Amino acid sequence: EAQHCQRIPQVGTGIAECYEFTIPANGQSQFPAVPDGSVDLVFGMSKQDVRLFIGGTVLQMKQWCFDPGRTDFGVRVQPGKIAYSNKVTTVSNTYAWEIQTEEYGEGLAEKIATADSLQARSQLFLQTYLQQFPESTDPRHNLDRYVRRRIYETKGTIGIQNLAEETGYSACYLRRVFEQIHGISPKLFERFIRFQNMLYLMEQQEWQSQRMDALCFESGYYDQSHMMKDFKRFAGRTPEQYRKFRLHPEE
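Under my numbering, the residue at position 56 of the sequence shown is numbered 56, and the numbers go up by one with no gaps.
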């Protein structure tokens, strides 16, 4: 399993968190990735070299393979916030795609590899990233930010027609803009949000003994059948199996 796991949440504009872990030379190198709409950049560091991977959101639970014997520094970018270089234009529905280490700053990978802490690596990345990719002023991104905010506020239950009425744009235009930025539809993104709501509640002490139907409705689902279908697809196991795993991971 991964060792020396650390994370720093909400590092800067558009960055959900930075994290770091080490895979021993003889350790497990596969870890599950579940849908959340975010994009990850992962620098895999060893004494010999640095490899850079980019992973878009997955549409169901998939295994992300990491090289044993490396320390991995990762940056999780919030939905709609990733900036692409000239060669990397989209990563929707992909994961663990290796790209050139220079794509996000000349010499950045080497500087990150020689930094002595997660904090130092995070600061190095953020400084370079914001200099190269200032926040977009494209009106489509402003519209996307509003749509995502409303989806978060309603726990993934607001309909596209409601969003059209609120924004004054047609439902067709909203879908097109959202898909251009995220590579997925607003409806699918809402399913991701309900699923993530469910995962969050299952981690909270006061909800760990609650019935599944209570968790279901609090997460934004209308009925248990839809929740069960999404959860099994996105997590690769049923809610009860996931709950049991979180309580007793060694079993």
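Beta carbons: idealized from backbone N, C-alpha and C, even for Gly.
Here the structure is a predicted model, which means the values were calculated and not measured.
Residue closest to residue i, alpha-carbon to alpha-carbon, out of the options
i: TYR146; options: GLU166, PHE231, PRO9, THR13; result: GLU166
i: PRO139; options: TYR173, ILE8, GLN63, ILE23; result: TYR173
i: GLN204; options: LEU247, PRO9, GLU190; result: LEU247
i: PHE178; options: ASP230, THR157, ILE151; result: ILE151
i: PRO32; options: PHE234, GLU98, MET212; result: PHE234
i: GLN155; options: LEU199, SER46, ILE82, THR57; result: Reading off the sequence shown, one finds Lys at residue 155, where the question assumed Gln. Checking every option, the nearest Cα to that of LYS155 belongs to LEU199.
i: ARG7; options: GLU153, ASP223, ARG149, SER117; result: SER117
i: SER63; options: ILE158, GLY56, VAL34; result: Reading off the sequence, residue 63 comes out as Gln, not Ser. If we check each option's Cα against that of GLN63, VAL34 comes out closest.
i: PHE189; options: VAL58, GLN10, THR114; result: VAL58
i: GLY56; options: GLY27, THR114, ILE99; result: ILE99
i: THR114; options: THR157, THR137, HIS141, LYS47; result: LYS47
i: GLN3; options: PRO9, GLN10, ILE23; result: ILE23
i: LEU126; options: GLN10, GLY159, ASP223; result: GLN10
Own chain, CB closer than 8 Å to residue i, minus 5 neighbours either side, in chain order
i: CYS65; result: SER29, GLN30, ALA96
i: GLN161; result: ALA171
i: LEU143; result: THR167, TYR169, LEU174, VAL177
i: ILE158; result: ARG150, ILE151, GLU190
i: LYS232; result: THR238
i: GLY27; result: GLU1, ALA2, GLN3, PRO68
Same chain only: Cβ atoms within 6 Å of residue i, ignoring 5 sequence neighbours per side
i: THR128; result: GLY105, LEU108
i: MET227; result: CYS216, TYR221
i: ALA25; result: PRO68, GLY69
i: TRP207; result: LEU201
i: TYR242; result: ALA235
i: GLY44; result: ARG51, ASP67, ARG70, ASP72
i: LYS81; result: GLY14
i: ARG191; result: ASP230
i: CYS5; result: PHE21
Where the beta strand (DSSP E) containing residue i begins and where it ends
i: ARG76; result: 70 to 77
i: GLN30; result: 30 to 33
i: GLN63; result: 62 to 65
i: ALA16; result: 15 to 23
i: LEU59; result: Counting along the chain, LEU59 falls outside any beta strand (DSSP E), and DSSP gives it neither H nor E.
i: ASP40; result: 39 to 45
Residue range of the unbroken alpha helix (DSSP H) whose run includes residue i
i: ILE184; result: That residue, ILE184, is in no alpha helix (DSSP H); it is neither H nor E in DSSP.
i: GLU206; result: Here GLU206 belongs to no alpha helix (DSSP H), and DSSP marks it neither H nor E.
i: GLN241; result: 239 to 247
i: ASP230; result: 224 to 235
i: ALA214; result: 212 to 218
Same chain, Cβ closer than 7 Å to residue i, five either side skipped, listed in chain order
i: ALA164; result: SER170, ALA171, LEU174
i: ARG148; result: PRO79, GLY80
i: LYS111; result: LEU124
i: MET212; result: GLN224, PRO239
Which complete alpha helix (DSSP H) runs does the segment 79 to 162 hold, if anything under 4 residues is left out?
108 to 114, 118 to 132, 139 to 153
So, do the segment 114 to 127 and the segment 14 to 26 have three or more beta carbon pairs nearer to each other than 8 Å?
Touching, yes, given that three or more Cβ pairs across the two stretches are closer than 8 Å.
Do three or more CB pairs link the segment 46 to 54 to the segment 96 to 106 at distances below 8 Å?
The segment 46 to 54, when compared against the segment 96 to 106, does touch it at the 8 Å Cβ threshold.
Take every Cβ of the segment 194 to 211, pair it with every Cβ of the segment 128 to 141, and state whether three or more of those distances are shorter than 8 Å.
Not touching, per the Cβ criterion.
Mind the definition here: the segment 199 to 218 touches the segment 165 to 184 only if three or more C-beta pairs lie below 8 Å; say whether that holds.
no
Is there contact here, the segment 39 to 50 with the segment 64 to 83, by at least three beta-carbon pairs under 8 Å?
yes
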